[in-house]
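One structure below.
6 protein chains.
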Amino acid sequence: MKIKIINPNTSSALNEELRREALKVVRPSTEIIAASPEMGPSSIESFYDEYLSIPGLFKEIRKGDAEEGADAYVIACFGDPGLLGARELTSAPVLGIAEAAMTMASMIAATFSIVTTLPRTRLMSEHLVQHYGMREKCRSVRTTSLHVLDVLADPDASVRQIAEECRKAVEEDRAEAIVLGCAAMAAHKARIERLAGVPVVDGVLAAVKYCEALVDLGAKTSKSLTFAEPEKKTYTGMLRSFGR
Amino acid sequence: MKIKIINPNTSSALNEELRREALKVVRPSTEIIAASPEMGPSSIESFYDEYLSIPGLFKEIRKGDAEEGADAYVIACFGDPGLLGARELTSAPVLGIAEAAMTMASMIAATFSIVTTLPRTRLMSEHLVQHYGMREKCRSVRTTSLHVLDVLADPDASVRQIAEECRKAVEEDRAEAIVLGCAAMAAHKARIERLAGVPVVDGVLAAVKYCEALVDLGAKTSKSLTFAEPEKKTYTGMLRSFGR
Amino acid sequence: MKIKIINPNTSSALNEELRREALKVVRPSTEIIAASPEMGPSSIESFYDEYLSIPGLFKEIRKGDAEEGADAYVIACFGDPGLLGARELTSAPVLGIAEAAMTMASMIAATFSIVTTLPRTRLMSEHLVQHYGMREKCRSVRTTSLHVLDVLADPDASVRQIAEECRKAVEEDRAEAIVLGCAAMAAHKARIERLAGVPVVDGVLAAVKYCEALVDLGAKTSKSLTFAEPEKKTYTGMLRSFGR
Amino acid sequence: MKIKIINPNTSSALNEELRREALKVVRPSTEIIAASPEMGPSSIESFYDEYLSIPGLFKEIRKGDAEEGADAYVIACFGDPGLLGARELTSAPVLGIAEAAMTMASMIAATFSIVTTLPRTRLMSEHLVQHYGMREKCRSVRTTSLHVLDVLADPDASVRQIAEECRKAVEEDRAEAIVLGCAAMAAHKARIERLAGVPVVDGVLAAVKYCEALVDLGAKTSKSLTFAEPEKKTYTGMLRSFGR
Amino acid sequence: MKIKIINPNTSSALNEELRREALKVVRPSTEIIAASPEMGPSSIESFYDEYLSIPGLFKEIRKGDAEEGADAYVIACFGDPGLLGARELTSAPVLGIAEAAMTMASMIAATFSIVTTLPRTRLMSEHLVQHYGMREKCRSVRTTSLHVLDVLADPDASVRQIAEECRKAVEEDRAEAIVLGCAAMAAHKARIERLAGVPVVDGVLAAVKYCEALVDLGAKTSKSLTFAEPEKKTYTGMLRSFGR
Amino acid sequence: MKIKIINPNTSSALNEELRREALKVVRPSTEIIAASPEMGPSSIESFYDEYLSIPGLFKEIRKGDAEEGADAYVIACFGDPGLLGARELTSAPVLGIAEAAMTMASMIAATFSIVTTLPRTRLMSEHLVQHYGMREKCRSVRTTSLHVLDVLADPDASVRQIAEECRKAVEEDRAEAIVLGCAAMAAHKARIERLAGVPVVDGVLAAVKYCEALVDLGAKTSKSLTFAEPEKKTYTGMLRSFGR
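Protein chains in written order, with this note's numbering: chain A, 1 to 244; chain B, 1 to 244; chain C, 1 to 244; chain D, 1 to 244; chain E, 1 to 244; chain F, 1 to 244.
What follows is the structure, encoded as C-alpha cells:
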C-alpha cells in the first residue's frame with residue numbers, strides 16, 4: 001500500500017522528516033511518499049495562506065492518482081486545507097491531520113486540548129473543533145508565539161514552549177490528552193509526551209495509521225452526492241490546467 | 001463610495017447584470033465595479049471549484065485596494081469563497097452574499113429557506129447556515145437541477161423551477177422568506193418574489209446595501225487578531241506573485 | 001425616507017442625542033424621528049422594566065405607521081424589547097439595536113465582546129447572543145456598575161469604566177471587536193473606540209444604517225405566518241386602546 | 001398553602017375551570033386562587049398579545065404578594081409570558097405552564113410532542129423548547145386551526161382535532177408523550193389521553209403540583225443576581241402605578 | 001403513597017439519614033422506604049462503580065414493584081445510574097437526583113453551579129448537564145477532594161469544603177443557586193445554604209417531592225417505545241435471575 | 001498484537017463469525033480473540049439489557065488484561081455498553097463499534113445514516129450520535145423490525161430488510177454512507193453495500209482496524225483524570241469479585 005503525505009506548504013525540508021516518522025509506525029509493506037506542492041506559501045499561518053496552499057495540494061493529489069498510484073492521502077497541515085475538495089477529486093481516502101488527531105485523542109481520553117502555533121490561528125482550530133463535533137471534548141485551544149518555521153529551525157526552544165502550554169492545559173484546563181496543532185511537531189511527539197504527562201497525539205502519525213486501516217478495509221470516499229467528482233468545466237488563466 | 005462586486009467565477013457575462021441590478025438599489029453617488037478573476041473555474045459547483053476560485057478572487061481584492069480605490073467588497077458566490085482570507089487581505093469591509101442574504105432574511109422574517117442550485121451543493125449551504133448562526137431560523141435548504149450557467153442561459157425555465165421550490169418551502173417547510181442561493185438569480189428576484197408570495201432576499205443586493213452602511217459608518221475590518229494582515233513570507237511557483 | 005428611533009424608556013433626554021448621532025451617519029435625504037413612549041419606566045435594567053416598556057413602544061409604532069409615515073423602526077434598547085411583537089404590528093422593517101450591533105460586529109470581526117450596564121442584565125445579553133446565533137462569535141459579556149442613567153449623567157466616568165472593560169475583553173477574552181450594550185453609549189462610540197484599540201459597534205447607528213438599506217431594497221417584514229398581524233380581539237382595562 | 005393561578009388573558013370564564021381542575025389534584029389543605037388580569041387581551045395568540053398580557057399579570061402577582069398571601073404562582077398561558085420578570089417581582093416560586101409541562105413530560109417519557117393552537121404560534125413553542133433545553137426531547141410541535149377561545153366554546157370539536165394531531169405525533173413523529181400547548185385544554189386532558197394512547201401532560205396541573213413541591217421544601221426564587229428585585233425608578237403615564 | 005429511595009451503593013448507613021430527611025418534607029400520608037442493593041460497590045465514584053451499581057438497583061426496583069407496592073422511585077446517586085433502564089422496568093415514575101436537582105434549580109434561579117465530590121467525576125456531571133438540557137443554565141461544575149464516604153464520616157469538614165466551593169461558584173462563576181452533587185449531602189443542605197447565600201438544592205429532597213407530584217397526578221412512565229418493558233429473553237450466569 | 005472482541009451478549013454463536021470476519025481484514029500477525037461474557041442477556045435490545053451486559057463485559061476485560069495479554073479491546077454491541085467504565089479498567093485502548101463506525105463513516109462521506117434493529121433502540125442511537133459529535137453528519141436513524149437474534153437466524157431476510165432501509169436512507173434522507181447498527185450485521189456488510197450503492201461501514205471491522213492503528217502507535221488510554229483506575233473499595237453480594 002502507498003500512502004502519500006502532502007505537506008501543503010512549499011518548505012520541503014519537513015517532508016523527509018515526516019516520511020521518516022511515518023515509516024517508524026507503518027508496517028513494513030506500506031510505502032510512504034511525502035511531498036510538497038510546487039506552488040504556494042512557504043508556511044501556513046492565516047486563512048490567506050491556507051486557501052493559497054490548496055491549488056498546489058490538488059495538483060499533488062492528481063499526481064498521486066495518475067502517476068504515483070497512491071492508495072490514500074494525508075493532508076499534513078493542522079488546518080486540514082482543501083480536505084472537502086480533495087475528497088471530490090479522488091476516490092482514495094483523504095484524511096486531514098486535525099481530523100485524525102482529534103479523532104484519535106477522543107478514542108483514548110475523555111477530553112483534550114490543542115496546542116498550536118500563532119494566536120491568530122486560534123479561530124481555525126475552533127472551526128475544526130466545531131466541524132469535527134469535538135465541542136464537548138476539547139477543553140481549550142492554547143496558542144504559542146511559534147511560527148511554523150520556528151519549530152523546524154529551533155526544535156529545542158519550540159518543544160520547551162509547547163510543553164509549557166501542555167502543562168497549563170493539563171493543570172488549568174483539565175485536559176486529559178494533548179493534540180499537537182502543527183505537522184512540524186510530529187518528530188517531537190515523544191519528547192513532548194514525556195514532559196506533558198498525558199498522552200500526546202500527533203495528527204500526521206494518526207492519519208497515516210488510519211489510512212492503513214481504511215485501505216485495508218477497502219474503504220473508498222463516497223461518490224454519491226457531496227464528494228462526487230467535480231462537474232466538468234473550463235478553467236482559465238493561470239489555473240487552466242485545473243479544468244476537468 | 002466605490003463598491004466592488006467580485007463574481008468569483010470567470011463567466012464575466014454575469015458581471016454586467018450584477019452591476020446593473022446593484023445600480024438600481026444604491027444611491028446615486030455610489031459607484032459599482034463588477035469583475036471576475038482572470039483565472040479559475042467558469043462556475044462554482046463543488047468544493048473543488050470553490051477553492052480554486054479563491055486565488056483569482058484575492059487578486060481582484062488586491063487590485064481593488066491598489067488600483068481601483070474600492071471602499072468595500074462583495075463576494076458574489078453563494079458559498080462565500082475565501083471570505084475569511086479576504087478579510088485578512090484588506091481593511092475594507094468584505095461581505096459574502098450568503099452571509100448578507102441570511103442576515104437580511106433574519107431581519108424581516110422569523111424563518112427562511114434557501115433555494116439553490118445542484119443537490120451536491122447542499123452541504124455547502126448547511127455549513128454556511130451553521131457558520132452564520134442560522135440553525136434555528138433556516139427551515140430548509142432546497143436544491144434544484146440547475147447548474148449556475150443554466151440560470152444565465154434559460155432564465156425563464158430557471159425561474160419556474162426555483163419558484164416551484166419556493167412554493168414547497170413555504171407550504172411544506174413553513175418558510176416565511178426565501179434566500180436565493182446563487183448570484184445569478186439576482187436579476188430575477190422580483191419575479192420570483194411575486195411567485196413565492198413571501199419576501200425573497202438576494203444576497204448580491206443585500207450585500208451591496210450593507211456595504212454602503214458599513215462604509216458610511218467608517219467601519220473597517222478588525223485587524224487585531226484573526227484578520228490581521230497575512231504574515232510576510234515567500235510564495236513559489238505559479239503563485240509566487242501572491243507573496244507579501 | 002423616515003426612520004423612527006424609539007428609545008423605549010421615558011427618559012426623553014436621550015432622544016435628541018440619538019437623533020443627532022443618527023443624523024451624522026444617514027444620508028441627507030433621510031429623516032430621523034427619535035421618540036420615547038408616553039408610559040413606562042425611566043430606564044430599563046431588568047426583565048420587569050423591559051416588559052413594561054413594551055406597551056408604550058407599541059403605541060409609538062402605531063403612531064409611526066398611522067401619523068408619522070415612518071418607513072422603518074429602531075428599538076433603541078439593548079434588550080430589543082418587544083421586537084417580535086413590533087414585527088407583527090407593522091410591515092415596515094423593525095430592528096433591535098442588539099441585533100444590529102451583533103450583526104455588524106460579525107461582519108467586520110471574527111469575534112466580539114459585549115460591554116454593558118449592570119451585572120444583573122448579563123442573562124439578557126446571553127439570551128440575545130443565543131437568539132441571534134452568535135454563540136461562537138461572542139467571546140464574553142462584560143458588565144459594569146453603570147446604571148443606564150449614569151451614562152447620561154456622567155459620561156466621562158462612564159466612558160472610563162466602559163473602556164476599561166473593553167481593554168479586558170481584548171486582552172483577556174481575545175475579543176476582536178466590541179459591541180456597546182446600551183443605547184446611551186452611542187454618542188461616545190468614537191472615544192471608546194480610540195481607547196479600545198479594536199472596532200467598536202454601536203447598535204443605534206448600525207440599526208439606522210441597516211434600516212436605510214432595507215427600505216432602499218423595498219424589504220418588508222414577512223406577513224406569512226409568525227409576523228402576521230395580531231388576531232383581532234378585545235383588549236380591556238387600562239389597555240383597551242390596544243385592541244385591534 | 002395558597003397557590004395563585006394567573007390566567008393572563010382577560011377571559012375569566014376559564015378561571016373557574018382551571019381552579020376546579022387544580023383542586024382535583026392538590027391535597028386538601030392547598031388553596032387555589034385563579035384570576036385574570038383586569039387589563040389586557042381576551043386571548044393570547046401572538047407576540048403582541050403575549051407582551052400586552054404582562055402588565056396585568058404583574059399586577060396580579062403584586063396583589064398576590066400584598067393582599068392574598070400567595071405562596072406560589074402559576075402563569076397559565078403556554079407562552080409563559082412575563083415569567084422572568086415575575087421572578088424578579090416576588091420571591092415566591094413562579095412557574096410557567098410550558099416549563100412545567102415539558103419538564104413533567106421529560107420525567108416520564110424519553111420524547112414528547114407539543115400539540116397547540118394556531119400555526120402562527122409555532123415559533124413561540126420552538127423558543128420555549130430551546131429555552132428549557134428540550135431540543136433533544138421534543139419530537140415535534142403540531143399546531144391546529146384552533147383559536148384559544150374555540151377550545152372553550154366547542155370543547156368536543158376541539159378535542160377531536162387535538163386528538164388527531166396527537167395520533168399523528170405518536171405515529172409519524174414517534175412522540176412517547178404529549179404536551180398540551182394551551183391552558184384551555186386542562187379540563188380535557190383525561191379524554192385526550194385516552195384517545196392519544198400515550199401519557200398526556202397538562203401544564204396547569206403539572207405546575208400546580210410542582211408549586212406544592214417547591215413550597216413544601218421552602219424553595220424561594222434566588223434574589224442574588226438576575227432575579228433580584230427590579231431597580232427602584234419612576235414609571236410614568238398609564239403605567240405610573242408600576243413604579244417601585 | 002409509598003416512595004422508595006434507592007441509594008445504589010451498599011453503604012446502607014446513609015439510608016436511614018435519607019429516609020429521615022425525606023420524611024421531614026413529605027406530607028404525613030407519604031411513606032418512605034430507603035434501601036440499598038444487596039450487591040455492588042460501597043460508593044460510586046467512577047463509571048466502573050456506576051455501571052456495577054445498576055444490577056442491584058434493578059433488583060430493588062423489581063422488589064419495590066413486586067413486594068413493597070412502591071408508587072415511585074428515587075435513584076439517590078448524583079450520576080442517575082441506570083435511570084433509563086429503570087424506566088423500562090416499571091411503569092411507576094422513576095427520578096434521578098441529578099435530574100431532580102437541576103430541574104428544581106432551574107425553576108428558582110436563572111443559573112446554577114454543581115458542587116460535587118472527586119475531580120474525576122466532573123465528566124459525569126457534564127454529561128448529565130448536557131443530557132438534561134442545562135448547558136445554558138449551568139455556570140460551572142466544581143469538584144472537591146471529598147470521597148462519598150468522607151461526607152458521611154466527617155460532615156463538618158465536608159460542609160466547610162463544600163461551602164468554600166459554593167462561595168467560589170457564586171463569586172467567580174456568578175451562580176445564582178447551588179446544586180449539591182452527592183446524595184450524602186442531603187442532611188447538610190440547610191447549613192450549606194446558610195453559608196452559600198444563595199438557594200441550595202438537594203436532589204434527594206427535590207426528587208421525593210416531584211414523585212409526590214407525579215403520583216398525585218396519576219402520571220406513569222410512557223410504555224410506548226423507548227421505555228416499553230424489556231424484551232423477554234434468557235439471562236445466564238450470575239445474572240440469570242434478571243431474565244424476563 | 002492481540003485484539004479482543006467482546007460481544008457483550010451471551011449468544012456466543014456470533015463470536016466465531018466476528019472472529020472470522022476480523023481475521024479477513026487484520027494483518028497476518030494480529031491475533032483475534034472473540035468472547036462473550038459468562039453472564040448477562042442473550043441479546044441487547046433495551047437499556048435494561050445494555051446495563052446488565054456490563055458486569056460480564058468488565059470480567060472479560062479483566063481476563064483480557066490478566067490472562068490473555070490483550071493489547072486492545074472492541075466492544076461489539078452498537079450501544080457501546082460500558083465503554084467509559086472499560087476505559088477506567090484497563091490502559092489498553094478500548095473502542096465501541098458505534099464510535100468506530102460513525103468515525104469511519106465521517107472519514108469517507110460527508111453524511112451517513114444508521115440502519116439498526118428494533119424501533120425501541122432509536123434513542124440509544126440518537127444518544128450515541130450526540131455523544132460522538134455526529135449531529136451534523138448523521139442524516140437519519142432508521143430502525144427495522146429485526147431482533148438481534150433474527151439477524152443471526154435468518155440472514156437473507158434480514159439483509160433484504162436492512163438493504164431496503166439503506167435504500168430509503170440514500171434516496172429520502174440523502175445519506176452518503178450507511179452505518180450498520182448491529183454487530184451481527186458484520187458478515188453481511190459486502191452484500192448490503194452492493195445493494196445500498198453507497199459505502200457501508202461495519203463497526204466491528206472498523207474498530208478492529210482502528211485498534212491495530214492505536215496499538216502500533218503505542219497509544220494508551222489516558223489515566224490522568226476521568227479514566228484513572230477506579231478507586232479501591234469493597235464490592236459486596238453477587239458482585240463482590242468486582243472489588244478492587
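The beta-carbon is built from N, C-alpha and C at its ideal position, and this holds for glycine as well.
What you are looking at is a predicted structure, and each value in this text was computed from that prediction instead of being measured.
Interfacial residues, the segment 106–135 of chain E to chain F, with Cβ spacing under 7 Å: 119, 120, 123
Inter-stretch contact at 8 Å, needing at least 3 Cβ pairs: the segment 72–85 of chain B / the segment 5–13 of chain B: Yes, they touch.
Under 8 Å from the C-beta of residue 139/A: neighbouring residues of chain F: Per Cβ cutoff of 8 Å: no residues; residue 139/A is ~10 Å from chain F at best.
Simplified DSSP state of residue 41/C, which is helix, strand or coil: Of the three classes helix, strand and coil, the one that applies to residue 41/C here is strand, per DSSP.
Reference residue 107/B, options 117/C, 112/C, 109/C, 101/C, closest by Cα: 101/C
Chain-ordered residues of the segment 179–206 of chain A with a beta carbon less than 8 Å from chain F: 197, 198, 199, 201, 205, 206
Beta strand (DSSP E) runs contained entirely in the segment 125–206 of chain D, provided each spans 3 or more residues: 138–142, 178–181
Close-in-space but distant-in-sequence residues of the same chain around residue 245/F (CB under 8 Å, 5 per side omitted): Because chain F here runs from 1 to 244, residue 245/F falls outside it and cannot be looked at.
Whole-angstrom distance between residue 80/A and residue 34/A, CA atom to CA atom: 16 Å
Local conformation of residue 50/D per DSSP, three classes: helix
Residues within the segment 27–48 of chain D neighbouring chain C, beta-carbon criterion of under 9 Å: 37, 38, 39, 40, 41, 42, 43, 45, 46, 47, 48
For residue 96/F, the three-state DSSP class (helix, strand or coil): strand
Chain A contact residues for residue 59/F, given Cβ-Cβ distances below 9 Å: The contacting residues do not exist; residue 59/F stays about 23 Å from chain A at best.
Pairwise C-alpha distance: residue 53/C and residue 86/B: Near 42 Å, if we compare the C-alpha coordinates of residue 53/C and residue 86/B.
Where the segment 212–230 of chain D meets chain C: residues whose CB sits under 9 Å from a CB there: 225, 226, 227, 228, 229, 230
Proximity test, Cβ basis, 9 Å: residue 209/D and chain E: yes
Element boundaries [beta strand (DSSP E), containing residue 109/A]: Careful: residue 109/A lies outside any beta strand (DSSP E) and carries neither H nor E.
Distance CB(residue 141/A)-CB(residue 116/A) smaller than 9 Å: yes
Counterpart residues of residue 232/D in DSSP-defined beta bridges: None; residue 232/D has no bridge partner.
Any C-beta of chain B under 9 Å from that of residue 89/A: yes
Contact the segment 205–220 of chain D vs the segment 200–220 of chain E: 3+ CB pairs below 8 Å: yes
Residue 2/A in three-state terms, based on DSSP: strand
Endpoints, the alpha helix (DSSP H) within which residue 26/E is located: Taken as a continuous stretch (DSSP letters only), residue 26/E belongs to no alpha helix (DSSP H), as it is neither H nor E.
Buried/exposed call for residue 241/B, threshold 16 Cβ in 10 Å: exposed
Under 7 Å from the C-beta of residue 238/D: neighbouring residues of chain H: In the displayed structure, chain H is absent; the protein chains listed are A, B, C, D, E and F.
Collapsed DSSP secondary structure at residue 72/E in the structure displayed: strand
Three-state secondary structure (DSSP) of residue 221/F: In the three-state reduction of the DSSP assignment, residue 221/F falls in the coil class.
Beta-ladder partner(s) of residue 115/C, from DSSP: 142/C, 180/C
Between the CA atoms of residue 14/E and residue 129/A - distance to the nearest angstrom: Rounded to whole angstroms, residue 129/A to residue 14/E spans 43 Å at the Cα level.
Nearest to residue 83/C (by Cα), restricted to the options 151/C, 2/C, 25/C, 56/C: 56/C
Proximal residues to residue 10/A (C-beta, below 8 Å), its chain only, five neighbours per side dropped: So the list reads 36, 37, 38, 39, 40, 41, 42, 56, once near-sequence residues are dropped.
Cβ pair residue 168/C, residue 68/C closer than 9 Å: no
Proximity of residue 119/E and residue 45/F at Cβ, strictly below 9 Å: no
Member of 193/B, 202/B, 195/B whose CA lies at the smallest distance from the CA of residue 21/B: 202/B
Check whether residue 58/A and residue 95/A have beta carbons under 9 Å apart: no
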